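Please read the structure below before turning to the comments.
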Amino acid sequence: MIKLNNIVATYTTTRGQVNAVDGVSLEIPKGIILGIAGESGCGKSTLMKVIYGDIGYPLALSSGGVDYGFTDAKGRPVTSATIREQWFRRISYIPQSSMSSMNPVVRIREQFVDFQGSGLNKAKVLDEVRAYVKQLDLPPEVIDAYPHQLSGGMRQRVMVAMATFFQPELILADEPTTALDVVVQKGILLLLMELQERMKNTIIFVSHDMGVHYQITHKMLIMYAAKAVEYGDSEAIFRAPLHPYTRMLIRSLPTIGDTQTREGVAGRPPSLWENLQGCRFAARCPLATELCRTREPAFVEHRPGQFAACHYAGEQPATSEQPVASEAAV
Amino acid sequence: MGLLQYIGQRLLTYVAVLFIGISITFFLPRLMPNDPIDGYIAQIQSRAGQTLTPEAAAEIRATLTELYGLEGSLFTQYLNYLRRVVFGFDFGPSFSAFPRPVSELIMLALPWTLGLLLTTTVISWLLGNLIGLLAGYYHNRRFATALEVLGVLIYPIPYYILALTLILLLAYTWKLFPLSTTIRPAPLSLAQIGSILYNSALPALTLVIAGFGWNILSMKSLSVATKEEPFVTFARLKGTSDRTRMFSYVFRNALLPQVTALALSLGTIFNGALLTEMLFSYPGLGLLMRTAVGNGDYNMLYGTITMTIFAVATAALVIDLIYPLFDPRIRYR
Amino acid sequence: MKQLLRLRGAAALPVGESAEAQRGRLKLNLRLKIGLTILAFFAIASFTLPFFTDVDPAQQGTYLKNLPISWKHPLGTNTQGQSIFWYLVFAVRNSLALGITVAICISFISTMVGLSAGYIGGWYERLVMLLIDSVITIPVLPILIILSALVRGKTSFFLVGLIIVCFGWAWGARTVRSLALSLREREFVNMARFSGANTFQIITREIFPYVYAYMVVNFINTILFAINTEAALAVLGLSKVEVPTLGSILFWALNYNALFIGQRTWVIAPIVASVLLFLGLFLTSTGYNDLFAARRGRA
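Residue numbers (our numbering), protein chains in the order written: chain A, 1 to 330; chain B, 1001 to 1333; chain C, 2001 to 2299.
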């Protein structure tokens, strides 16, 4: 179990300080794929940074932390303070763009052996790497190539290989398919699912594409304006979302055969610089009342395994309803 | 484009540049209003203190015209010139050291210039880039700012000012080095080597200091920019050590534009070297040029200038050909 | 000639400005301020002070030789009986005037050549680039030396400037052309083209404003280059050394073996003045460079 304990992450800028993540608490079971969704600026990337442990000026962990649920070499439980030592060992990271994430003038094999603590027998490690990449449908020769000689899809597979080679327990992926075309996207997603099945690790996945979340995640976390607004099994969330924002996100998904007009989510998230009172979604919410505007809803378990931060969780607005996407094919 | 195409293109440019350079060297002086022969005759007359008889003057004129290659139409002169220079590297005899051919004197001076240039350029380029790398990679620390200020102070100082300042400080105020170079030709012994080093120290120091200021600044900017690149950040997230990140990631990438920049600034570097040689009376091409100007030795002038153009163009070509070794994206399509 | 090389990728700053970048902004404003202050001081002093004296500083024997520093002679006098201070003032003025004039000419030529080459492309561009590369490869100094040697005696200050222009435009043209290349395919240029503007209009109205930032920086660098080249020639005695410039003052000092006879002021004063002036030009140039880069990053 990975525990996020009331995480508050603050950015310091010349304008002052702003909480990009403002009090998120969760328990993430092991061995699942968790998707984090939300608009730009909702704090999902910052939360990823905190979970990965990439905290440094101007980002600071003002309060709270992460309990990773595994111990280090000395038997001590790993927390936010010590997670850095586990980078690319027990925890790894798949970046968004594979082209810009690899050193263009150095062969790929060099980049496989320059992480921390991997130095001992480089030749042996590389042999194992070459054997491993075959499992990802990559010819072993790619290891000896330069990044620019590979196609985008192959490069992303190499990144996945890099991130999974040491069999980490937790993999964080930040929009790993955004820069790819849909066909390649599907390949990478299937690969991730397959690897997760086999290695039984936990993957946390950020994407703003709800369709991708629908396809591969087991659980989902929806974020809005630095807060967690919904969390639970993906299947339950897509079938019967608790939070009005989630409902809007899902409704904006296109479905084959559905000829109704898609609605976007009108309006914009509030500026985090202002002194925010009450529920942060109130300005755009069709269910908002005076209560919503004054009292911030708590993040509670409204249904078994499903959490939401809303005073009217589960209620539907009075206006005409479209059925929530049940068989959305992307 | 493929590697062969790259090389081919560079070679072509090289030949074209040489051709244009040699031609400019040929044409430019001939477009000037002065007739060098008149100037020489006037010189002789003033030295001898009397005027020459018309026959003697005519005879001298004829000899000189032939010597200078000034006979025939401009076009014939051009062709002759090209033929002589390209195929024989023949610039005719030197005037002041008559009848020794210009090419011989140039070949004597060339090793000095090349030796000085090569050593100082390599040192200042490496030193400047390494310092710039440190200053850029650790740009938040105070020493980085200090290094940058150093670069800022050094870079705008022109060669001749540096040379004069060094003379002022190190040869005049504190008599550490000689005011001008005196290297007597002698067999290569330890003492001779010592003498060479001692006399070359100031010119070398001038060239190194003049060169590395710019390297520090540009490498620092490049390092800072490269450090922000996603692949360097990702390496950090992989837990790669600072040393590996600095050298394998930042340095090896930031070096690429620096190599190109070196090739482009060769003309400037050569300029500075020639100027420095002149100021220190260092026995290289610069000094030859200087004395040639003083003596009106036009053959020597053409010779040295052509040699300079040839050296710079060749050095640039060599650097361009080495570049693919640094950048695999050009080496492999 | 030492010119700053423009970094191709360095224009864009990360969108979320870190404190580091903001500190950087303050730093560069400081550079710019210092640079401009120095330049203003030199420009104002050298252009206005001459009105306060009717003595020709180049005239020899005006004063007693080798007088020490005093109120009447702020830097003493030299072996030629000239006031070092006034000679220096005129020298700075002439160097600056030459530098600015030459820089204006060079900037004009290099911008026109560079923009047209970058925008028109094709064989025209290839030809121009070949010419530029050749001119860059030819070290300026030897050519200048040979030309000055040939016109010795008949040199005029103007001619020296002209020669510098002839060989100094290549660098700027190269930079401008790569700029023009990167801008050629941008949206707004295509729009202008489709709405019927001709080549000249596109160059002046659409591309020019972007190039402007580089031009300012380039201009200042060129001033540096021009002053330097003339001074280098003068120090060797190949320019019109009767005209006081930063280089010729050094020439005369060396000619009269100022160091041997203990006339240190004669040498030190122009060196200090030159270094300060160049520092001022350089700081201003990089200051503007950073300023424009920051503006672009924010935009």
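The beta carbon of each residue, even a glycine, is placed where N, CA and C say it ideally should be. This structure is a prediction, so every number in the text was calculated from the model and none was measured.
{"Item": "Buried or exposed (CB count within 10 angstroms, at least 16 for buried), N2218 (chain C)", "Value": "buried"}
{"Item": "Residue burial classification, Q277 (chain A) (beta-carbon count within 10 angstroms, cutoff 16)", "Value": "exposed"}
{"Item": "Buried/exposed call for A329 (chain A), threshold 16 Cβ in 10 Å", "Value": "Since pLDDT at A329 (chain A) reaches only 40, below the 50 mark, its modelled position is unreliable, and no value is offered."}
{"Item": "Closer than 8 Å to chain A by CB, S1223 (chain B)", "Value": "no"}
{"Item": "Closer than 8 Å to chain A by CB, K1238 (chain B)", "Value": "yes"}
{"Item": "Within chain C, the residues that V1152 (chain B) reaches when beta carbons sit closer than 9 Å", "Value": "R2031, L2279, F2282, L2283 and T2286"}
{"Item": "Own chain, CB closer than 7 Å to K122 (chain A), minus 5 neighbours either side, in chain order", "Value": "V113"}
{"Item": "Closer than 8 Å to chain B by CB, N2228 (chain C)", "Value": "yes"}
{"Item": "is_contact[R1290 (chain B), chain E] using C-beta, thresh 8 Å", "Value": "The structure shown contains no chain E; its protein chains are A, B and C."}
{"Item": "Contact between the segment 237-251 of chain A and the segment 210-222 of chain A (3+ Cβ pairs under 8 Å)", "Value": "yes"}
{"Item": "For A37 (chain A): DSSP bridge partner residues", "Value": "A:I222"}
{"Item": "Chain B contact for W273 (chain A) (CB, 8 Å cutoff)", "Value": "no"}
{"Item": "Endpoints, the beta strand (DSSP E) within which K227 (chain A) is located", "Value": "K227 to D233"}
{"Item": "Simplified DSSP state of A81 (chain A), which is helix, strand or coil", "Value": "coil"}
{"Item": "As assigned by DSSP and simplified to three states, the class of I395 (chain A)", "Value": "With chain A covering 1 to 330 only, the question about residue 395 (chain A) has no answer from this structure."}
{"Item": "Beta-carbon separation (whole angstroms), F205 (chain A) vs I33 (chain A), contact threshold 8 Å", "Value": "6 Å"}
{"Item": "At least 3 beta-carbon pairs within less than 8 Å: the segment 1258-1275 of chain B vs the segment 2123-2139 of chain C", "Value": "yes"}
{"Item": "Collapsed DSSP secondary structure at R1373 (chain B) in the structure displayed", "Value": "Shown here, chain B extends from 1001 to 1333; a query on residue 1373 (chain B) therefore has no answer."}
{"Item": "Contact check, A298 (chain A) vs A309 (chain A), beta carbons under 8 Å", "Value": "yes"}
{"Item": "CB contact below 8 Å: T1276 (chain B) versus chain C", "Value": "no"}
{"Item": "Coil, strand or helix - V2241 (chain C) by DSSP", "Value": "coil"}
{"Item": "CB contact check: L1256 (chain B) to chain C, cutoff 8 Å", "Value": "no"}
{"Item": "CB of L136 (chain A) within 8 Å of CB of R109 (chain A), strictly", "Value": "no"}
{"Item": "Candidates A:I2, A:M102, A:R107 and A:A60: closest to Q17 (chain A) by CA position", "Value": "A:A60"}
{"Item": "Span separating the alpha-carbon of L2159 (chain C) from that of R1252 (chain B)", "Value": "45 Å"}
{"Item": "Chain B contacts made by the segment 121-149 of chain A, where a contact means CB separation under 8 Å", "Value": "Y146, H148 and Q149"}
{"Item": "DSSP-derived helix/strand/coil call for K74 (chain A)", "Value": "coil"}
{"Item": "Contact the segment 1218-1230 of chain B vs the segment 1299-1315 of chain B: 3+ CB pairs below 8 Å", "Value": "no"}
{"Item": "Per-residue DSSP class, three states only, for R2006 (chain C)", "Value": "In this prediction, R2006 (chain C) scores a pLDDT of 34, lower than 50, which makes its location untrustworthy; the coordinate-derived value is nonetheless stated afterwards. Note: R2006 (chain C) maps to coil in three-state DSSP."}
{"Item": "Distance, M1278 (chain B) Cα to F1089 (chain B) Cα", "Value": "24 Å"}
{"Item": "Straight-line gap, I1022 (chain B) to M1307 (chain B) (C-alpha atoms, nearest Å)", "Value": "10 Å"}
{"Item": "Through-space distance from P1328 (chain B) to R90 (chain A), alpha-carbon basis", "Value": "33 Å"}
{"Item": "Rounded straight-line distance, which links the Cα of S1281 (chain B) to that of F1234 (chain B)", "Value": "54 Å"}
{"Item": "Check whether I7 (chain A) and G64 (chain A) have beta carbons under 8 Å apart", "Value": "yes"}
{"Item": "Span separating the alpha-carbon of S2070 (chain C) from that of M1246 (chain B)", "Value": "56 Å"}
{"Item": "Collapsed DSSP secondary structure at P1093 (chain B) in the structure displayed", "Value": "strand"}
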